[in-house]
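Okay, so here's the structure we're looking at.
Protein chains: 2
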Amino acid sequence: MIRMATIGTSMITGRFIAAAAGVPAVAVTTAYSRDADRAARFAAEMSLPASSSDLDGLLSSPDIDAVYIGSPNGVHAEQAEAVIAAGKHVLVEKPAVPTEAQFIRLAEAASDAGVILLEAMRNCYDPALDAIGDLLPELGVLRRASLAYCQRSARYDKVLAGERVNIFDPALAGGALFDLGVYPIAAMLRLFGEPVRVLSASVPIPGGADGAGAALAIYDGLVVDLSYSKITASDRVNEIQGESGTLTFDHVAEPTSATLSLLDGTVTEHTFDGPANNMVHEIRRFAELVAGENDPTADHERTLATLRIVEQIRAAV
Amino acid sequence: MIRMATIGTSMITGRFIAAAAGVPAVAVTTAYSRDADRAARFAAEMSLPASSSDLDGLLSSPDIDAVYIGSPNGVHAEQAEAVIAAGKHVLVEKPAVPTEAQFIRLAEAASDAGVILLEAMRNCYDPALDAIGDLLPELGVLRRASLAYCQRSARYDKVLAGERVNIFDPALAGGALFDLGVYPIAAMLRLFGEPVRVLSASVPIPGGADGAGAALAIYDGLVVDLSYSKITASDRVNEIQGESGTLTFDHVAEPTSATLSLLDGTVTEHTFDGPANNMVHEIRRFAELVAGENDPTADHERTLATLRIVEQIRAAV
């Protein structure tokens with residue numbers, strides 16, 4: 001049994017706790033927040049046995065084996081370092097850190113400390129994306145794909161009103177690319193591997209973050225366009241076009257269905273059964289790694305590849 | 001009454017003749033082809049009174065006022081020059097020519113000869129695209145748009161079999177960008193004006209043409225992605241995302257319906273009534289210009305803007 005604490009009290013941490021309840025190898029026991037009242041309130045809401053506002057105490061506790069970090073992106077690195085230094089395993093919400101170099105340092109620290117570091121990129125561990133990958137050979141030579149995650153955040157209204165909001169704060173690694181853009185990037189890497197080159201453009205908003213953006217990832221004979229936004233919305237499906245057919249699927253971060261339309265007129269619908277909260281998969285993977293059943297090299301490679309693309313997109317702005 | 005001849009005997013010329021039948025100011029009287037039998041057969045099929053395989057004779061005939069050019073793209077320029085030199089008006093199928101410089105020369109020649117030159121870019125003259133433009137203010141600040149035309153050509157199978165096919169022949173200005181990509185470009189220019197910068201990537205196929213491609217057009221605060229393909233298919237709608245809502249519409253070259261989804265939950269469906277064959281609109285515009293009711297400066301500007309983007313995309317490959 002991996003006894004876990006959480007850092008962060010926003011919706012994503014709530015979702016993590018709910019998903020972890022479905023993984024027998026894990027028990028979330030303690031909610032941490034700098035604010036003791038908030039920690040206690042959140043622990044009560046999520047039915048956790050304990051709360052804490054003393055990070056050093058939490059990290060030196062023999063009753064905690066691992067920590068999930070769901071705090072604002074900009075403090076992930078520092079908190080992950082502290083967890084690793086305390087000899088505990090760490091599952092850090094995406095994006096783990098803003099740069100490849102930072103993740104390499106973190107991974108080395110984890111390796112030196114003999115603990116597991118894993119980035120919680122939920123679509124990387126969702127079997128539905130494997131199922132989509134399994135359908136690709138039916139499409140023949142792949143030529144074009146469009147992957148997108150565009151969802152307007154209600155908190156954008158606060159930005160427009162002149163307020164500072166974590167998720168739109170560039171100093172905290174906020175913005176559309178970090179928050180939503182990483183999902184289509186991760187899906188693309190999983191389905192097609194690393195591109196040869198990336199072109200991109202961003203839509204800046206007040207406060208300095210990117211509110212939306214788009215990129216073209218260029219492969220040998222294939223071009224993938226990526227689209228992401230936190231200030232506008234889209235319901236369009238994702239799409240992969242091959243010379244023999246076209247596949248669409250509903251959601252790049254949590255696919256539940258796909259439609260395969262072949263050149264010969266055949267249309268087949270595919271639905272992917274799985275838990276509604278697909279964070280379950282990344283938690284299972286984390287538990288498996290902590291149990292020593294595998295090593296995290298491939299997981300780290302995927303995180304690093306995502307960050308390389310994130311950095312290329314950011315450098316182009 | 002503008003008495004017209006046609007050059008070219010493929011499907012697009014047939015569609016032009018069918019559309020022209022709905023425009024009282026125009027009468028298509030003669031089908032030209034280098035091959036006399038083909039010209040006669042095509043004229044019979046299209047119920048035209050006459051056919052010709054003698055281009056000089058046709059162009060010197062006092063019974064012809066104007067010519068529609070629907071031949072392979074690579075011979076448009078030479079044929080349009082001949083028509084203009086003969087003192088006849090010319091409606092030339094898109095893309096009129098491959099480069100901005102060539103169209104400038106053609107427009108100057110037309111002006112000097114006192115005849116009308118018009119590029120037949122059908123979505124530029126379709127009122128449905130105006131109707132879409134009229135809905136844009138409801139979307140608030142525009143941030144992202146996706147315009148696409150991806151349709152697999154059966155003739156691609158011939159390319160794969162090693163045959164040379166006009167529409168995929170780079171020497172004849174074939175390929176996906178020239179054939180289909182110009183439609184989303186023209187729609188974009190009409191809806192958003194000229195972008196600041198264009199990034200692009202193409203998918204080369206055997207024979208040297210582009211089989212598909214994608215581009216990002218960058219505006220101040222807005223990014224538009226363009227997608228086109230003749231080797232793969234897509235049924236996805238086009239989309240324009242604003243901060244207050246999202247608009248989707250069915251077809252970038254012949255829009256028939258749109259859905260406006262606003263932030264407040266309001267969803268409205270719009271249908272655009274009009275002739276199924278929307279070449280009617282460009283023929284009406286041509287007739288209006290020939291009648292001297294307006295001058296073609298704005299039309300030429302639009303053609304030139306499209307060609308500037310086409311050239312940027314081609315140069316990037």
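First to last, the protein sequences are chains D and G.
For the first sequence, UniProt numbering gives the first residue as 1, with consecutive numbering after it.
For the second sequence, UniProt numbering gives the first residue as 1, with consecutive numbering after it.
We treat Cβ as the ideally placed atom computed from N, Cα and C, and that holds for glycine.
Cα-Cα separation between residue 95 of chain G and residue 101 of chain G, rounded to whole angstroms
13 angstroms
Grouping DSSP H, G and I as helix and E and B as strand, with all else coil, what is residue 204 of chain D?
strand
In three-state DSSP terms, what is residue 248 of chain D?
strand
To which residues of the same chain is residue 340 of chain G closer than 7 angstroms at the C-beta, ignoring the five residues directly before and after it?
Since the displayed chain G opens at 1 and closes at 317, residue 340 of chain G lies outside it and no answer follows.
Start and end residues, alpha helix (DSSP H) containing residue 38 of chain G
36–45
Among D:254, D:248, D:86, D:282, whose alpha-carbon lies nearest the alpha-carbon of residue 260 of chain D?
D:248
Straight-line Cα distance separating residue 66 of chain G from residue 89 of chain G
4 angstroms
Chain G residues whose Cβ lies nearer than 7 angstroms to that of residue 234 of chain D:
239, 241, 246
Out of G:201, G:142, G:208, which one is the CA nearest neighbour of residue 262 of chain G?
G:142
Taking 8 angstroms as the cut-off, decide whether the C-beta atoms of residue 147 of chain D and residue 226 of chain D are in contact.
yes
From what residue to what residue does the beta strand (DSSP E) around residue 318 of chain D run?
With chain D covering only 1 through 317, there is no way to say anything about residue 318 of chain D.
Chain-ordered chain G contacts of residue 225 of chain D [CB-CB under 7 angstroms]:
214, 225, 227
Looking at the structure shown, is residue 196 of chain G part of a helix, part of a strand, or coil, going by DSSP?
coil
Beta-carbon proximity list for residue 156 of chain G, same chain, < 6 angstroms, skipping 5 on both sides
231
Quick check on DSSP: helix, strand or coil for residue 183 of chain D?
helix
What does a CB cutoff of less than 6 angstroms around residue 229 of chain G pick up in its chain, not counting 5 residues either side in sequence?
150, 176, 212
Test item: CB-CB of residue 279 of chain G and residue 42 of chain G under 8 angstroms:
no
Checking the sheet assignment: what are the DSSP bridge partners for residue 69 of chain G?
G:7, G:92
How about residue 69 of chain D: is its C-beta nearer than 8 angstroms to some C-beta of chain G?
no
With 16 other CB atoms within 10 Å as the buried threshold, where does residue 291 of chain G fall?
exposed
Nearest to residue 178 of chain G (by Cα), restricted to the options G:84, G:284, G:311, G:277
G:311
Where does residue 20 of chain G sit, in a helix, a strand or coil, going by DSSP?
helix
Indicate whether residue 201 of chain D and residue 216 of chain G have their beta-carbon atoms separated by less than 8 angstroms.
yes
Cross-chain neighbours of residue 201 of chain G in chain D, by beta carbon under 7 angstroms:
199, 216, 218, 223
Could you give the first and the last residue of the continuous alpha helix (DSSP H) run that contains residue 156 of chain G?
156–160
Is the segment 183–193 of chain G in contact with the segment 121–138 of chain G, if contact means three or more CB pairs nearer than 8 angstroms?
yes
Taking only the alpha-carbon atoms, compute the straight-line gap between residue 33 of chain G and residue 162 of chain G and give it to the nearest angstrom.
27 angstroms
What number of angstroms, rounded off, separates the C-alpha of residue 104 of chain D from the C-alpha of residue 306 of chain D?
13 angstroms
Considering only C-alpha positions, which residue in the set G:11, G:37, G:234, G:24 is nearest to residue 145 of chain D?
G:234
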